[in-house]
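> Chains as they are written, first to last, in the working numbering: chain Y, 4 to 382; chain X, 919 to 1335. Okay, handing you the structure first.
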Amino acid sequence: MKISIEHLTKAFPSRNKKGDPVIAVNDMTIEIPSGKLVGLLGPSGCGKSTTLFMLSGLENPTAGRIMFDDEDVTTLAPERRGIGLVFQNYALYPHMTVEQNIMFPLTNMRVPKEEAKARALDAARLVQIEDLMARKPSELSGGQQQRVAIARALVKMPNVLLLDEPLSNLDARLRLQTREEIKRIQRETGITTVFVTHDQEEAMSICDIMVVMKLGIVQQIGEPQHIYDDPNNLFVANFLGTPPINVFKGKAEGGNVYIGSQAVMKKVKVPVKKLHEAEDGTVTEETTNEIISDQELYVGIRPEGFIYDEKGVLTLNVDHIEVMGRDKSVVCEHESSTKPTVRCILDSDVALPDSDKFSFNLKPNKVFLFNAETEERIL
Amino acid sequence: MAKKDNIPNDEVKNAAELDDAVVTQDAAVDADLPQESAAEAKPSAGQKIKDWFVSLWDKIKSAFVSERKNEQLALPRELVEKIPPEMLLTDVKLTKKEKVVRFLRSQSGWLFVLPAVLLMCIFTFYPIINAFVSAFKENYNATTHRFDGWGFENFKRVIMSDTGTGGASFVQCLVNTLVFTLVSVPLSTLLALLISVALNSIKPLQKAYQTVLFLPYLTNSLAMGAVFATFFTIIGTSRHVDTYGIVNIMLGWFGVEPIDWVGIGSPTWELGAITIPWAKYVVAIVYEVWSGLPFKILILFSALQSVNKQYYDAAKIDGASRSTVLWKVTAPLISPMISYLLVTGIMGGMKQYSAIVGLFGDQMGFNYDMGTMVGYIYSYIENGKTGYAFAGSVLLFIVIMIITLINTQISKKRVTY
Ligand SMILES: Nc1ncnc2c1ncn2[C@@H]1O[C@H](COP(=O)(O)OP(=O)(O)OP(=O)(O)O)[C@@H](O)[C@H]1O
Ligand SMILES: [Mg+2]
């Protein structure tokens, strides 16, 4: 089922009467193709859960429209939307066994008992908990509880599956395992799935489409790799990637980009949008590449964007080197860096001299330039 | 525990012996052993009874002698062999002196409860025991403390209603009390549940409603009973009626003939030895339900407020109807509180007295036809036949005990914590 969200907005009244309302979700417009796994990604409090609850019908939007295929569901009651929802902390009914929990949506739909049992078993098999049917939720591990919650959401064969940070309570290994499982279940069932997380790695690894949010505003939508390679702004660049991107204060002068006193890029051309008015009066937008104007910048360099070179363009003070098998990570310092350390990831077979200053060349596609004020991407 | 003392104090020589000690310290485990050898064979009734007593004794013992928990656990032999003996956290290796010190330490809590225990001994345990003993004294005279001998005469007469004229009938009082309690307590709990669910779902004026609903709790039950009686009463004589009470007036709107709800002419059903004054029953039950509500609403409402809202969201997503949510989600989630209300409500109901006096006067209706168990006991204290009062209170104790036992058995099955 295709989901179209148009101008979706949610305002919560502020606690004190006179204060401004809290805008939890701000003018969100996205289109989710049928059968895809979509990740809503953003820091805590950015409105991910609120978006999900509006999709589920538990919260009413303040403005905007939600369409499932061609049906407007904006004001439809939750139970009539055909959705399955897995809550942030599962919300399994503690007094019911696993089987009763999974069967609960079916009994409400007046499915005959035998059929309900069979379908519950199918759902349980899908998430591999068929041995635990007689237990109470309190007798299950976090991962098992989560799978019960997924089974309960899947058993009614929903058109849309919504998952609210389903992995946040699990330990690292189980999280890895379960996210693969969610991907598998999603593929097997082909249900359009919206998945909320604040863990970018999780989102990158399993999502078909990722939506990055900040303070209720959508920052960027796209395939994970695309967003990683081509972030719209400093926030998105910062949010994606482990270890995170290195950000330096820099400036453009005479077409060159400087970090400190070193020119790291020369003759830089940046795309500039211009409105071009034709003779008949139609206005078209044209993008031309022009030499960068003099300005303050943020220079973002991905950790893997460094190439060791004695005559490199950027010199960093080495703090220490971490060897991690496949590659090694050189932890450096630089006075222009916005973070205390600068991390460079190099192949483990790169030979490094015993020195406290290293120079690097930069891979052009791993370097991003951002406007210092708007933090929007320039290049 | 006898076996434990045989173990050398300084050192446990081998793990097998230790294992043995761990297993056999527990008398209950001991008793289970023969069963295990004949796993298929059903334990005999005698065996069952013996087991029951053994486990009861263990429970009592563990209530008085606090021991380390893991001492009770028989670790598997392989495990015991792997763990160095000095690291096994059981008391096996303690010297006598250490044991004594530990025991005294573990019992120091008594010091703190001593004042309360002393007071309870004087004001609770002594009267209870005294009542039990006195119930068996025949023709006991409360002023001279003289009696004719020991026996079951009091009980016999109480149960056979052979207590002379003027007093209440035991069977009548027992039936009355059981009916009042077993009808009004579940009914008022149910009503309280519905009201508190409704209260929980409204936002404006919630606090105000809550206060109003709680007000009756602050009112004296005797006074409330008397006021209630005026609602139902008919003022005047049977030949000349001045006014009907508000209930009769309202029933009149629906064409119902006025009923003498609380007076002498109140309608009754005769059922063998007992009379069922059903109109008075209605009044008593309505009163009990109403007066039981405030406390129950208070408890259930606060229980509801502590239920995680997410269960309701989940139920909404799962398409549960309102009644499904109430009976399949809400009620089980607060079932510990519901069970608490039922148990304490029934215990309280079995001891009902003052409200009935408030409603029907100190004769509890006409010649105690609305008498309760406690009313029965009072009536015999008043007319000096204390022996019957003692016997009645022992019987009341037994009845309450039986009901409470049934209650706990049911709630074990139905209540989820
Ligand atoms: N009922 C409410 N009343 C007022 N403000 C609310 C309410 N619910 C959420 N908010 C606010 O809306 C914003 C978004 O909340 P939301 O729960 O969607 O965050 P989230 O992205 O899910 O965060 P997390 O990752 O911590 O779960 C937050 O600033 C929060 O304080
Ligand atoms: Mg959330």
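Virtual Cβ for every residue (Gly too), placed ideally from N, Cα, C. Nothing here was measured: the structure is a model prediction, and the numbers come from that model.
Determine which residues of the stretch 1233-1244 of chain X have a Cβ less than 9 Å from any Cβ of chain Y, and write them out in chain order.
Taking 9 Å as the Cβ-Cβ cut-off against chain Y, the residues of the stretch 1233-1244 of chain X that qualify are Ala1233, Lys1234, Ile1235, Asp1236, Gly1237, Ala1238, Ser1239, Thr1242.
> I'd like to confirm something about His201/Y: is its beta-carbon nearer than 8 Å to some heavy atom of ligand 1, or not?
Yes.
> Taking the alpha-carbon of Leu173/Y as reference, which of Arg150/Y, Met160/Y, Asn259/Y has the nearest alpha-carbon?
Nearest option by C-alpha distance: Arg150/Y.
> Say whether chain X places a C-beta atom closer than 9 Å to the C-beta of Arg155/Y.
Yes - at least one Cβ of chain X is within 9 Å of the one on Arg155/Y.
> Less than 9 Å separating the beta-carbons of Met268/Y and Val316/Y?
In contact: Met268/Y and Val316/Y (Cβ atoms closer than 9 Å).
> Which chain X residues sit within Cβ distance under 7 Å of Pro108/Y?
Within 7 Å Cβ-Cβ: Asp1236, Gly1237.
> Suppose the cutoff is 7 Å on Cβ atoms and the five residues either side in sequence are ignored; what does the same chain contact list for Gln124/Y look like?
One point to set straight first is that residue 124/Y is Leu, not Gln, in the sequence displayed. Around Leu124/Y: Glu133.
> Kindly give me the distance between the Cβ atoms of Gly48/Y and Pro81/Y, rounded to whole angstroms, as I take these residues to be in contact under 8 Å.
Not really, about 23 Å apart at Cβ, beyond 8 Å.
> Quick check: the Cα distance between Pro1134/X and Ser1209/X, rounded to an integer number of angstroms?
So the two alpha carbons sit approximately 7 Å from each other.
> Name the DSSP bridge partner or partners of Arg68/Y?
According to DSSP, Arg68/Y bridges with Glu9/Y.
> Who are Asn364/Y's beta bridge partners in DSSP?
BP columns for Asn364/Y point to Ile310/Y.
> Given that Met112/Y touches chain X, what residues does it touch there, using C-beta distances under 8 Å?
Residues of chain X passing the Cβ test: Gly1237.
> Within 10 angstroms of its Cβ, does His98/Y collect 16 or more other Cβ (buried), or is it exposed?
Classification of His98/Y: buried, given that the 10 Å Cβ count is 16 or more.
> According to DSSP, simplified to helix, strand and coil, what is Asn92/Y?
Three-state DSSP puts Asn92/Y in coil, outside helix and strand.
> Determine the closest residue to Leu1108/X out of Ala1249/X, Asn1285/X, Thr1326/X, with distance taken between C-alpha atoms.
When each option's Cα is compared against that of Leu1108/X, the closest is Ala1249/X.
> DSSP has Thr291/Y in a bridge; who is on the other side?
For Thr291/Y, which the question treats as bridged, DSSP gives the partners Val275/Y.
> Considering only residues of the same chain and omitting the five flanking positions on each side of Arg1075/X, which have a CB-CB separation below 6 Å?
Within the same chain, Arg1075/X has close Cβ partners Thr1081.
> For Lys1055/X, which beta-bridge partners are listed by DSSP?
Beta-bridge pairing links Lys1055/X to Trp1068/X.
> For the stretch 1220-1232 of chain X, list every residue whose C-beta sits within 8 Å of some C-beta in chain Y, in sequence order.
Those would be Asn1226, Gln1228, Tyr1229, Asp1231, Ala1232, in chain order.
> Can you name the start and end residues of the alpha helix (DSSP H) that Lys116/Y belongs to?
Per DSSP, Lys116/Y belongs to the alpha helix (DSSP H) from 116-129.
> Grab me the residues of Ala946/X's own chain with a C-beta within less than 8 Å of its C-beta, minus the 5 sequence neighbours each way, in chain order.
Reliability of the predicted coordinates at Ala946/X is poor, the pLDDT of 41 falling under 50, and the value obtained from them is presented with this limitation in mind. The residues are Asp969, Val972, Ser973, Asp976.
> Using 8 Å as the cut-off, classify the Cβ of Ser52/Y as near or not near the heavy atoms of ligand 2, replying yes or no.
Checking the Cβ of Ser52/Y against ligand 2 gives yes.
> Between the Cα of Ser1079/X and those of Asp1236/X, Phe1073/X, Ser1087/X, spot the shortest distance and give me the residue it belongs to.
Ranking Asp1236/X, Phe1073/X, Ser1087/X by Cα distance to Ser1079/X puts Ser1087/X first.
> Opposite Gly225/Y in the DSSP bridges: which residues?
BP columns for Gly225/Y point to Met213/Y.
> Check for me: the alpha helix (DSSP H) holding Thr1151/X runs from which residue to which?
Per DSSP, Thr1151/X belongs to no alpha helix (DSSP H) and is neither H nor E.
> Is Cys1091/X near ligand 1, with its Cβ less than 8 Å from a heavy atom?
No.
> Please report the residue range of the alpha helix (DSSP H) in which Met1038/X lies.
First-last of the alpha helix (DSSP H) with Met1038/X: 1027-1038.
> Measuring straight from C-alpha to C-alpha, what distance separates Ile310/Y and Phe363/Y?
Going by the C-alpha atoms only, they are around 5 Å apart.
> State the CB to CB distance for the pair Val302/Y and Phe251/Y, rounded to an integer number of angstroms; the pair is presumed to be in contact (CB under 8 Å).
Between Phe251/Y and Val302/Y the Cβ distance is about 5 Å, and since that is below 8 Å, they are a contact.
> Cβ of Ser52/Y within 9 Å of Cβ of Ile33/Y?
Taking 9 Å as the Cβ cut-off, Ser52/Y and Ile33/Y do not qualify as a contacting pair.
> Is Asp312/Y close to ligand 2? I mean its beta-carbon at under 8 Å from any heavy atom of the ligand.
Every heavy atom of ligand 2 is 8 Å or more from the Cβ of Asp312/Y, so no.
> Helix or strand or just coil, what does DSSP make of Ala956/X?
Residue placement at Ala956/X is flagged as unreliable, the pLDDT there being 44, under the threshold of 50; the coordinate-derived value follows with that caveat. Coil.
> Work out the CA separation of Asn249/Y and Thr341/Y for me, nearest whole Å.
Whole-angstrom Cα-Cα distance: 8 Å.
> To the nearest angstrom, report how far apart Glu985/X and Trp1245/X are at their CA atoms.
Note on Glu985/X: pLDDT 49, under 50, position unreliable in the model; no value is reported.
> Below 8 Å, is the gap between the Cβ of Asp167/Y and the nearest heavy atom of ligand 2?
True, at least one ligand heavy atom lies under 8 Å from that Cβ.
> What did DSSP end up calling Asn104/Y once you bin it into helix, strand or coil?
Helix.
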